[in-house]
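Beneath this line is the structure, given in structure tokens, with notes to follow.
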């Protein structure tokens with residue numbers, strides 16, 4: 001090798017050495033994660049609906065005396081923990097990052113359409129109604145030329161995340177396009193402004209996004225409805241099968257795909273869980289919104305797209321956040337709030353949507369507006385619990401979800 005070549009190699013090696021050795025280990029002792037080059041970063045500017053802190057990238061939390069630190073084993077791109085009744089956001093991480101929602105979008109579908117059809121109404125399914133179900137979709141087994149009740153179809157939506165059931169209910173609502181428009185309008189009424197609906201079932205589609213914040217708002221709205229609470233907390237049910245001439249129609253058992261509700265290999269049902277909805281697609285990864293009760297406290301959590309290789313990562317991370325939330329309740333200052341729907345906010349004369357200081361609230365007025373919208377009787381809460389996947393009314397008030405939108409008290 002010539003002297004010139006040796007000199008070039010030595011200079012090149014000397015120049016590369018700082019590049020190869022300068023990067024420090026990460027806080028947990030690992031080399032700089034290749035994830036940082038692969039995983040996308042949250043946008044620098046995000047929505048501030050619910051408070052300015054919620055528009056910031058990264059983890060937002062105000063730990064008070066005695067408050068536990070957040071779990072270390074969290075890999076989700078976005079998550080949020082909130083009090084289901086007061087709306088206080090206890091902690092969040094990129095909560096307004098607009099990401100693909102997968103089947104958690106079915107919560108918005110249900111919250112929009114549930115009041116429109118009596119559960120005993122029946123419908124004969126046609127071939128056209130099932131024609132546009134996306135390839136590889138999760139289905140419950142709805143068949144053309146068979147009749148199903150609305151109750152059956154909602155069981156298929158909530159338990160098996162059945163896109164076939166979604167498309168049939170959409171057809172009953174004058175079609176997929178109309179249903180998408182209705183869902184978008186309802187999202188805007190809820191102030192779920194990160195959400196853009198393209199498909200009613202959450203099937204991957206260009207431009208279809210939501211956020212951990214929005215999905216939590218949507219779940220909280222859905223939980224105001226008795227039927228929504230019943231369906232999302234049902235672990236197992238019988239679903240109609242074939243109809244053979246002269247014989248009673250066959251049924252088969254379906255199980256809820258929410259593994260914090262039913263359990264699975266490597267994961268146990270979460271104590272106090274009462275729903276809500278999970279999802280998983282190639283583009284969205286795993287997504288999950290859950291509600292759980294402990295000692296009279298009800299928390300909502302949403303987790304979107306964990307990067308961990310842990311089996312059932314989305315459920316484990318949701319469970320860790322719920323555990324933290326129950327332990328931290330009363331020991332942390334909220335970093336934001338879940339805003340009420342526009343109609344309730346307008347009736348109360350409040351201004352929550354941009355994170356600005358709210359005006360004095362006419363609380364009773366807002367409650368009445370919410371009741372009128374929901375079509376339900378008055379009352380600050382309903383005692384509910386989940387036993388063996390069946391919703392049971394309790395006198396003691398185990399699972400409380402305010403049917404009146406809880407606004408700030410001044």
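Numbering (the numbering used here), first residue to last: 1 to 410.
Backbone N, C-alpha and C define an ideal beta-carbon position, used for all residues, glycine too.
Own chain residues within Cβ distance below 6 Å of residue i, not counting five before or after
| i | result |
| --- | --- |
| residue 154 | 231 |
| residue 255 | 236 and 262 |
| residue 250 | 241 and 242 |
| residue 74 | 317 |
| residue 258 | 278 |
| residue 112 | 182, 183 and 186 |
| residue 158 | 231 and 232 |
| residue 98 | 194, 209 and 211 |
| residue 171 | 129 |
| residue 117 | 150 |
| residue 81 | 90, 91, 301, 321 and 325 |
| residue 105 | 202 |
| residue 412 | The shown model of the chain, from 1 to 410, leaves out residue 412, and the question about it has no answer. |
Limits of the unbroken beta strand (DSSP E) element including residue i
| i | result |
| --- | --- |
| residue 79 | 76-83 |
| residue 46 | Looking at the DSSP string, residue 46 is not in any beta strand (DSSP E), and its letter there is neither H nor E. |
| residue 236 | 236-240 |
| residue 253 | 251-255 |
| residue 124 | 122-124 |
Closest residue to residue i among the options (Cα-Cα distance)
| i | options | result |
| --- | --- | --- |
| residue 245 | 90, 313, 146 and 67 | 146 |
| residue 201 | 337, 278, 325 and 271 | 278 |
| residue 128 | 168, 209 and 199 | 168 |
| residue 193 | 252, 215 and 175 | 215 |
| residue 107 | 322, 291 and 349 | 291 |
| residue 96 | 114, 44, 72 and 70 | 44 |
| residue 93 | 69, 101 and 212 | 212 |
| residue 130 | 225, 312, 264 and 143 | 143 |
| residue 324 | 69, 105, 267 and 48 | 69 |
| residue 140 | 309, 160, 123 and 122 | 160 |
| residue 110 | 100, 122, 218 and 340 | 218 |
| residue 114 | 51, 348, 247 and 165 | 165 |
Rounded Cβ spacing between residue i and residue j (contact assumed at less than 8 Å)
| i | j | result |
| --- | --- | --- |
| residue 335 | residue 89 | 5 Å |
| residue 342 | residue 189 | 5 Å |
| residue 148 | residue 125 | 7 Å |
| residue 78 | residue 103 | About 16 Å separates the two Cβ atoms, so there is no contact after all. |
| residue 239 | residue 156 | 6 Å |
| residue 285 | residue 305 | 4 Å |
| residue 46 | residue 55 | 5 Å |
| residue 191 | residue 49 | 6 Å |
| residue 39 | residue 307 | 6 Å |
| residue 303 | residue 76 | 5 Å |
Those residues which DSSP pairs with residue i across a bridge
| i | result |
| --- | --- |
| residue 411 | Since the first residue shown for the chain is 1 and the last is 410, residue 411 is missing from the structure and cannot be characterised. |
| residue 264 | 267 |
| residue 92 | 60 and 80 |
| residue 309 | Residue 309 pairs with nothing; no bridge assigned. |
| residue 292 | 273 and 299 |
| residue 316 | DSSP output for residue 316 lists no bridge partner at all. |
| residue 280 | 286 |
| residue 167 | Note: residue 167 sits in no beta bridge, so no partner. |
| residue 337 | 88 |
| residue 209 | 196 |
| residue 304 | 78 and 287 |
| residue 99 | 210 |
Residue interval of the alpha helix (DSSP H) (run including residue i)
| i | result |
| --- | --- |
| residue 127 | 127-130 |
| residue 113 | 106-113 |
| residue 216 | 212-222 |
| residue 231 | 226-232 |
| residue 153 | 150-160 |
| residue 138 | No alpha helix (DSSP H) contains residue 138, which DSSP labels as neither H nor E. |
| residue 331 | Run containing residue 331: none; DSSP gives neither H nor E here. |
| residue 411 | Absent from the model: residue 411. The displayed extent of the chain is 1 to 410, so no value can be given. |
CB contact check: residue i to chain C, cutoff 7 Å
| i | result |
| --- | --- |
| residue 210 | In the displayed structure, chain C is absent; only one protein chain is listed. |
7 Å Cβ shell around residue i - same chain, five flanking residues per side excluded
| i | result |
| --- | --- |
| residue 333 | 62 and 64 |
| residue 220 | 84, 300 and 338 |
| residue 260 | 269, 270, 273, 290, 315, 318 and 319 |
| residue 326 | 294, 297 and 299 |
| residue 311 | 266 |
| residue 196 | 207, 208 and 209 |
| residue 248 | none |
Sequence-distant residues of its chain with Cβ nearer than 8 Å to residue i (five each side left out)
| i | result |
| --- | --- |
| residue 119 | 149, 150, 151, 154 and 227 |
| residue 6 | Model confidence at residue 6 stands at a pLDDT of 43, short of 50, so the residue's coordinates are unreliable and nothing is read from them. |
| residue 132 | 167 and 176 |
| residue 203 | 134, 137, 163 and 281 |
| residue 198 | 180, 205, 206, 207 and 208 |
| residue 41 | 57 |
| residue 253 | 236, 237, 238 and 239 |
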